[in-house]
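**Q**
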Amino acid sequence: MKILPFFLFIILSISLNGQVINKQESDKIEGIKRKSSFNVEEIKVRWKKAALENCPGVPCTSTAACTAATPSASPTIVLTRGTESITPITIATTGATGIGTPTGLPPGISATWAVNVITINGTLPLSAPSCGTFLYTIPLTGCSGVVNATGTIIVSCPA
443 MKILPFFLFI ILSISLNGQV INKQESDKIE GIKRKSSFNV EEIKVRWKKA
493 ALENCPGVPC TSTAACTAAT PSASPTIVLT RGTESITPIT IATTGATGIG
543 TPTGLPPGIS ATWAVNVITI NGTLPLSAPS CGTFLYTIPL TGCSGVVNAT
593 GTIIVSCPA
């Protein structure tokens, strides 16, 4: 395979006959003529460029654009026994690396994250009931910008 020199527009360094010649874009490289061709095995071209245009250096780190789907349920839970377990609520996510600290969940209910799914689960205690409408927010981590999973759980206490 042959590479013609006019295809080597952006060259950061060339190893030629054991010597390294550092050149910038548009610099003339001595000994290379426009009509010359080179065997790929004879020339080693190293080129580094940031993975993303907005990245200031190499290596480049980037954060993902995240999403959180609609919760699988918005339950109304009626406390009738000593405790009441809820059916797990799931929320699919994309791009996240985990979750932050949830807010607004009823007592005894928690949220976990694994493999792009938030699972809300737990047991509501009758001994210290908190009745009412709970609007919860679960922040996603590893995202560019603020992205939250949100939903509602209604807890109805016996009269």
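So that you can map any letter, position 108 of the sequence shown is 550 in our numbering, and since no number is skipped, the others follow by simple counting.
Glycine residues also receive a C-beta, built at the ideal position from the N, C-alpha and C atoms.
When the Cα atoms are used, what is the spatial distance from T543 to V559?
**A** 15 Å
**Q** Looking at P530 and T561, is the spacing between their C-beta atoms short of 8 Å?
**A** yes
**Q** For T518, collect the residues of the same chain with a Cβ closer than 7 Å to its Cβ; drop the 5 residues on either side in sequence, then sort them by chain order.
**A** I596 and S598
**Q** What span of residues does the beta strand (DSSP E) with P567 cover, start to end?
**A** V559 to P567
**Q** In the DSSP output, which residue or residues are listed as bridge partners for A510?
**A** T535
**Q** Decide yes or no for the touch test of the region 534-548 against the region 573-592: beta carbon pairs closer than 8 Å, at least 3 of them.
**A** yes
**Q** In angstroms, rounded to a whole number, what distance separates the CA positions of G540 and G550?
**A** 21 Å
**Q** For my contact list, A510 and L582 are in at a C-beta cut-off of 8 Å; report their separation, rounded to the angstrom.
**A** 6 Å
**Q** What is the C-beta distance between C585 and C508, in whole angstroms, given that I count them as a contact (C-beta under 8 Å)?
**A** 4 Å
**Q** Helix, strand or coil, according to DSSP, for S516 in the structure here?
**A** coil
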